[in-house]
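This report refers to the structure that appears directly beneath it.
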């Protein structure tokens with residue numbers, strides 16, 4: 555089956571008088587698909603629809619952050635809830651995109667690069683995560 559893959563590593567460092575915490579999110583997003591072009595049916599069609607829905611929610615979050623909207627729709631999908639700290643939150647973020655060099659994927663490449671450009675503009679507020687007590 556096709557889906558997004560998410561790996562979250564939680565780190566806790568205990569020092570004399572203080573404890574620091576952190577998380578590393580590694581996320582591999584499934585690619586969006588045009589079902590008219592792929593001819594997906596049955597289970598593949600359902601999977602593709604779910605993937606496209608979560609990617610749309612992610613795009614809406616990125617657009618909201620880029621336009622400084624007061625309400626950012628992080629609750630739009632499980633994916634956007636997982637990425638909340640990485641998108642406008644308390645973290646350093648890095649995005650790696652994969653592109654297809656063939657001319658027939660021109661539009662997909664354009665959309666991917668445009669999404670990466672918008673994501674790059676997001677400003678995060680990074681602070682030390684110290685556990686009190």
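Numbering (the numbering used here), first residue to last: 555 to 687.
Every residue gets a Cβ at the ideal spot worked out from N, C-alpha and C, and that includes glycine.
Treat the numbers as computed from the prediction; the structure is a model and nothing was measured.
A direct Cα-to-Cα measurement between residue 685 and residue 574 gives close to 6 Å. When secondary structure is reduced to three states using DSSP, residue 577 falls in the strand class.
The Cβ atoms of residue 558 and residue 637 lie no closer than 7 Å to each other. The beta carbon of residue 654 is closer than 7 Å to those of 662, 663 in its chain, skipping five residues each way along the sequence. The beta-carbon separation of residue 672 and residue 620, rounded to 5 Å, stays under the 8 Å limit for a contact. If you draw a 10 Å sphere on the C-beta of residue 616, you find 16 or more other C-beta atoms in it, and that means buried.
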